[in-house]
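Each remark here refers to the structure printed beneath this line.
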Amino acid sequence: MQIIESAKTYDVAIVGSGAGGGMATKILSEAGFDVAVLEAGPFFDPAQDQYRNQLRWPWESPRRGASSDRRSFGDFDAAYGGWNLEGEPFTNEKGTDFRWFRSRMLGGRTNHWGRISLRFGPLDFKRKSIDGLGDNWPIGYDDVKPYYDKVDKLIGVFGSKENFKNEPDGFFLPPPKPRLHELHYINAARKTGIPVIPSRLSILTKRINNQRGSCFYCGQCNRACSAYADFSSGTCLIFPAQKNGGKVELFNEAMVSEVTTDKEGKATGVTYVNKLDRKTYHLKAKVVIMAASACSSARILLNSKSSVHQDGLGNSSGVVGKYLHDSTGASRAVFIPKLMDRKIYNEDGVGGMHVYTPWWLNDAKLDFPRGYHIEVWGGMGMPSYGFGFNPNDLNKVTGMGDVGGYGDSLREDIKRYYGAVVGISGRGESVPQKDNYCEIDNEVVDEWGIPVLKFNYQWTNNEVKQAKHMQDTFEEVLSATGGILLGDKPGADREYGLTKPGEIIHEVGTTRMGNDPRTSVTNKYNQLHDCENVFVMDAGPFVSQADKNPTWTILALAWRASDYLVDQVKKRNI
Amino acid sequence: MDRRDSLKGLLVGSVAGGLLVTGCAPDVAEETTEEVSLPGYGRTVPEQEHDNEVLAEIFLNEHELETIAVLCDIILPAKAEIGGAIDAEVPAFIEFIVKDMPRQQLPMRGGLAWLDNHSNKLHNLEFKKLTKEQQLAICDTIAYPGKTAPELLAGEKFFTRIRNLTLTGYYTSELGIKDLGYQGNRPGVWDGVPQDVLDEQGLSYDEEWLAKCVDQSKRMDIAQWDDDGNLLT
């Protein structure tokens, strides 16, 4: 076998087509660069019927939308893959149970995410100064604010100006009105003194340009929008970059294994396996941008060993893969008797919550650091596999009939309880630990022959205590709805319902940025300390992740880093 | 009609729709008997291959499927106004899902066998051959979790499984969605909870909140802001 060389040398090779890769593609192609985008999965465009999941009925799937090994979040979810990828395993160190959600497709995980688009606030960049834990970012809110503003205007996010501490306002589209279950949540939250405001999601409640439609309220953003009325990297960044006449060449099914370097240690391109012919190719590029997701980028860097970069590219600090951290999560649900036998109308709304609770206790003395926000769910959703399971368990609570049984009474049970359960979930900030990391498992390769990742990850008491606080809060708020809480309140034996590391799919921090090359992987512009023509533009460079969903910050930092890259090339520094 | 044809018949109605029309024409049936596939629903190539493999598999036998059909009809019978589980082709759904989810296979097969064993002990007949009264009498002993005799708990577990699959199969079918009355999955404009529902719930929108929300008459206008992020359009 021999490696097949690309005929030309691209200005930039971008590894990964998700949020960071998409933004880099747009900014750099518009700056006139000749860009190659390498994506490990197939092409995807939700506007083409062959890819469409939106507005399909459950019976169009023979498994009625059930999840499977091929789509973890169900047949109609847009994300190909999920918790398992056939032929591409990862391993866990004994005692670790890290979950890693991967989606191989154009746009990556931006095709199905929750569209929750929160800015990090001033406090979120400097947490060490507040609680002494972890590290401060080398940048602050003022460095990123201009880019958050530009992302808001380019991509669109609804929300409201609230002047709420550490939840910066932006350039918002107007939010949709709350749904019925959300009105119940608003009342309950107010009774318990917990703030609640319109949610902030990157969904177009108004048009933002002539290329994208406005939301038509099917509630299916996770299925990818055929009108491009929500954000995904393909529809909002890569396709527009191509249509703007940029030099963008897409390489789908291209599984990147290594960044190649010359004898001075400077990057010369990437090698990848074409999944369709299983041959190995070398794509030559003057600059390489890693945007394969925090863990995948760390894997590729660690696998890129050379005489100059003996521990892997960018890893002279030994920090690549370290400080891996995910959001905390916990949930609880309530049955609200007032919502029984509801009048049925179309309340699909946008895909996600219309209201939420931002972290409100920045100034309180608590027994854990950092905070969490609260998300709300419920309503009369479209049935899919699982709907109708244990249809009348709630009869135990209401005494309105048997539990179990058969016959016509089941129809009444189903209708009685349809839309009567409301749930809330906390999503919180964990404190990054050097001992939580991914590394190369030298004993295991994937089907492309590439060594895989092994995870080492334990929550600390900080996260467990935070989950306890969540459960206490949930109990208080949900009780204030006048409803009946479901399930037992998880106690210490279950770590208060704390989710497994990785499960919230906000894994970040594996190539953290910093001013000191001995303790960080990139500088404050996402550029490797060890190799000036390699950047990391996914969530790897996050020093800490706030309780905010990472996407909006990935986008802002990728834009900022791309501007810097253009400037450096102009100055002939790269 | 051989065994594969009859299974195919079960599948055609629920998922393969128009595609199998040729298979129903007697003169071409021979050439097409092995071709069972699904219309597209946004699948990747590996997913299509998987679906086709599952469709071509055979797991449950005809006796098992007939017993499932009897149970489906007991669990969700037709009403005068709307069809039941059989009309919604729930047995075909269960036939597929048991192949698609291997974890269902042993409990389903074992549960059906338990039901026949139990029926044979009581009446010296398989369950499906009992009178309706006898069938319902058995169901009454296993359909109510918490009230089941200890020696029948395996039957209760099975009945819960088949009830869950019957209901989920029904309410994810066109008929079931109609029975439920679900109104969504279509383009529309969400402009708040209907006033009569608010009144009935004793709830209202507060003016301050509403003032922040989208004016749906302007949803097609392209957004513009002033420098402070105030929306101008």
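Protein chains in written order, with this note's numbering: chain G, 1 to 574; chain F, 1001 to 1233.
Using N, Cα and C, we set each Cβ at its ideal position, and we do this for glycine too.
| Item | Value |
| --- | --- |
| Beta-carbon neighbours of M382/G, restricted to chain B and to distances below 7 Å | Chain labels in this structure do not include chain B; the protein chains are G and F. |
| Chain-ordered chain G contacts of I1138/F [CB-CB under 7 Å] | Near I1138/F there are no residues of chain G at all, since even the closest Cβ is about 11 Å away, more than 7 Å. |
| Cross-chain neighbours of R411/G in chain F, by beta carbon under 7 Å | D1179 |
| Residue-level contact to chain F via CB, S306/G, 8 Å cutoff | no |
| Under 8 Å from the C-beta of K1132/F: neighbouring residues of chain G | Those within 8 Å of K1132/F in chain G number zero; the least Cβ separation is about 12 Å. |
| Option in N1185/F, G1042/F, W1225/F with minimal Cα separation from Y345/G | N1185/F |
| Close-in-space but distant-in-sequence residues of the same chain around D169/G (CB under 6 Å, 5 per side omitted) | K161 |
| Cβ contact (3+ pairs, closer than 8 Å) linking the segment 1149 to 1156 of chain F and the segment 1057 to 1071 of chain F | no |
| Amino acids of chain F, ordered along the chain, whose beta-carbon sits closer than 8 Å to that of Q50/G | G1040, G1042 |
| Sequence-distant residues of its chain with Cβ nearer than 6 Å to E39/G (five each side left out) | S17, L106, N252 |
| Pick from R115/G, A267/G, G426/G that is closest to L313/G, judged by C-alpha positions | A267/G |
| Buried versus exposed call for L1055/F [16 or more other C-beta atoms within 10 Å across all chains shown] | buried |
| Length of the line joining the Cα atoms of L283/G and C1213/F | 49 Å |
| Cα-Cα separation between T1033/F and Q545/G, rounded to whole angstroms | Low local confidence applies: a pLDDT of 44 at T1033/F is under 50, so the model's placement there is unreliable, and no value is given. |
| Sub-8 Å separation of W59/G and C295/G beta-carbons | no |
| Below-8 Å beta-carbon distance, I609/G vs any chain F residue | Summary: the structure shown does not reach residue 609/G, with chain G confined to residues 1 through 574, and so no result is reported for it. |
| Continuous beta strand (DSSP E) assignments of at least 3 residues falling wholly in the segment 363 to 442 of chain G | 372 to 378, 421 to 428 |
| Endpoints, the alpha helix (DSSP H) within which E1208/F is located | 1207 to 1212 |
| Touching by the beta-carbon criterion (3+ pairs, under 8 Å), the segment 1194 to 1201 of chain F and the segment 348 to 368 of chain G | no |
| For Y281/G, the three-state DSSP class (helix, strand or coil) | strand |
| Where M1220/F meets chain G, residues with beta-carbon distance less than 7 Å | R207, S214 |
| N-terminal and C-terminal residue of the alpha helix (DSSP H) that T1235/F is part of | Residue 1235/F is absent from the structure shown; chain F starts at 1001 and stops at 1233. |
| Residue from Y457/G, P432/G, Q466/G whose Cα sits closest to the Cα of R512/G | P432/G |
| With 16 other Cβ atoms within 10 Å as the buried cut-off, status of M1220/F | exposed |
| Interface residues of chain F facing I300/G [CB-CB closer than 7 Å] | None at all; the shortest Cβ gap to chain F is about 24 Å. |
| Per DSSP, the bridge partner or partners of K454/G | T91/G, E439/G |
| Contact with chain G by Q1201/F, beta-carbon distance below 8 Å | yes |
| 7 Å Cβ shell around Q1134/F - same chain, five flanking residues per side excluded | H1123 |
| heavy atom of the ligand COA below 7 Å from G1111/F C-beta | Looking for the ligand COA in the displayed structure turns up nothing, as the structure carries no ligands at all. |
| Chain-ordered residues of the segment 50 to 65 of chain G with a beta carbon less than 8 Å from chain F | Q50, Y51, R52, N53, L55, R56, W57, P58, W59, E60, S61, P62, R63, R64, G65 |
| Cross-strand partners of R102/G (DSSP beta bridge) | G82/G |
| Residues of the segment 1093 to 1127 of chain F with Cβ closer than 8 Å to any Cβ of chain G, in chain order | F1093, F1096, I1097, D1100, M1101 |
| Distance between F120/G and K454/G (C-alpha atoms, nearest Å) | 30 Å |
| Neighbour flag for D1051/F against chain G, beta carbons, 8 Å | yes |
| Closer than 8 Å to chain F by CB, G170/G | yes |
| Cβ-Cβ distance between V334/G and T522/G below 8 Å | no |
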